[in-house]
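In this text, residue positions in the sequence shown follow my numbering: the first is 40, and each later residue adds one.
Some notes on the structure that comes next.
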Amino acid sequence: MPNWLSKQLMQAFRKKDRNQIRFLNRCWFTFIKKEYDEKASKNLFP
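Structure below.
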């Protein structure tokens with residue numbers, strides 16, 4: 040997880056800001072999906 044995202048998540052949890060937590064969570068899962076898709080496509084076409 041990128042350092043900036045980790046810091047923002049910790050701050051959102053401290054403030055109990057549900058909207059920010061949801062937004063950052065979506066960002067994280069979008070990032071993970073993109074990384075997974077890129078790795079999968081590289082494995083298909085070596």
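From the three backbone atoms N, C-alpha and C, an ideal C-beta is built for every residue, glycine too.
The structure displayed is predicted, hence computed values, not measured ones.
Taking just the CA atoms, how far does residue j sit from residue i?
{"i": "R53", "j": "K46", "result": "11 Å"}
{"i": "F68", "j": "Q50", "result": "19 Å"}
{"i": "F70", "j": "N82", "result": "19 Å"}
{"i": "M40", "j": "S80", "result": "21 Å"}
{"i": "L44", "j": "N64", "result": "9 Å"}
{"i": "R61", "j": "L48", "result": "10 Å"}
ask   = Between the stretch 51–62 and the stretch 70–80, do three or more beta carbon pairs fall short of 8 Å?
value = no
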